[in-house]
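**Student:** Residue numbers (numbering that gives the first Met the number 0): 0 to 191. The beta-carbon is built from N, C-alpha and C at its ideal position, and this holds for glycine as well.
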Amino acid sequence: MKRFLILFLMLAGFTSGAQNPEILKGASTLYDSNYNMDFEPIAEITYPKVVEQVGGREKFLAKLDNDYQNEKFRKRLQLTSPVFQVGPEKTIGGKSFCVVSFRNPTRYFYEDKLDTDAMAKEVANWKNIAATKEVYGEPNRNSINVKRVSFIVAVKDETTGGNWKFFNLDDLDQLAVFDNVISAETKKQLGL
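1) Which residues in the same chain have their Cβ closer than 6 Å to the Cβ of residue 188, if we skip the five residues on either side of it in sequence?
2) Residue 106 and residue 255 - do their beta-carbons sit closer together than 8 Å?
3) As a quick exercise: from 52, 111, 169 and 185, pick the residue whose alpha carbon is nearest that of residue 102.
4) Quick one: using the 10 Å Cβ neighbour count with 16 as the cut-off for buried, is residue 130 buried or exposed?
5) Consult DSSP for residue 84 and reduce its assignment to one of helix, strand or coil.
6) Considering only C-alpha positions, which residue in the set 87, 97, 104 and 119 is nearest to residue 33?
7) Classify residue 182 as helix, strand or coil using the three-state DSSP reduction.
8) Which one or two residues does DSSP pair with residue 145 in a beta bridge?
9) Okay, do the region 53-63 and the region 78-94 touch, 3+ Cβ pairs below 8 Å being the bar?
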C-alpha cells in the first residue's frame, strides 16, 4: 500500500508539472522570431483579434518592424535562449488559457545622443512602460537596458481554429486588445 501511495504521488507530481509542447513551441517561436526580427511567424501565431485591430497582417508586420527600428531607437532582445515558466492550462468560459513567463532583458539603442537629462527621462519612461524598477541608462552605448519579466498568454477559443494563439503582453497594442477581449474575472483567475 505504501509503494502504491508513493507511486501515485510521484505520478501526480510529474503530470501536474508537465508542459504542453504546443504552448512551449509557440512561446519559443514567438521569442525567437522577435529575437531574429523575423516577424512573419509572429503574425501567424498572434491572437487573430490583435492582427485585426492593428489593421490587418501587413500593418501588423509594419508595426512590429517599427517597434524594433525607428527614428528614435533600435530594440534588441538580449537572451538567445530564455527559460520559459509555463503555467497550468485553465479552461474558463469555454476558452483555454495558459500563462507563460520569462526574464526578458531588452536593450534600446538610441539614434540621437542622449545627454544626462534625456537619459534620465528615458529611464523613467521605460520604468513606467515596462512596469519594472530594473531600467538602467548606459551612456557609453547610448542605450537603455530594461530588465523585466515578460508574460505571454496562450489562448485557444472559437477564433483560433482550435490552435493555440498568443498575446505578447509586453506589446502595448496587444495588451490593449487583451484587456478588451478578456474579462477582469478571467485575468484574475489567470493571476494577471
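**Tutor:** Concretely, from the data shown:
1) Non-local C-beta neighbours of residue 188 in its own chain, meaning closer than 6 Å and more than five positions away in sequence, comprise 91, ordered along the chain.
2) Lying before the first or after the last residue shown, residue 255 is absent from the chain, which here runs from 0 to 191.
3) Nearest C-alpha to residue 102: 169.
4) With fewer than 16 Cβ atoms within 10 Å of its Cβ, residue 130 is classed as exposed.
5) DSSP places residue 84 in strand when its eight states are reduced to three.
6) Checked all of 87, 97, 104 and 119; the closest Cα to residue 33 is 104.
7) Coil, per DSSP.
8) Residue pairing of residue 145 in beta bridges, as defined by DSSP: 105 and 134.
9) No, because fewer than three Cβ pairs between the region 53-63 and the region 78-94 fall closer than 8 Å, the two stretches do not touch.
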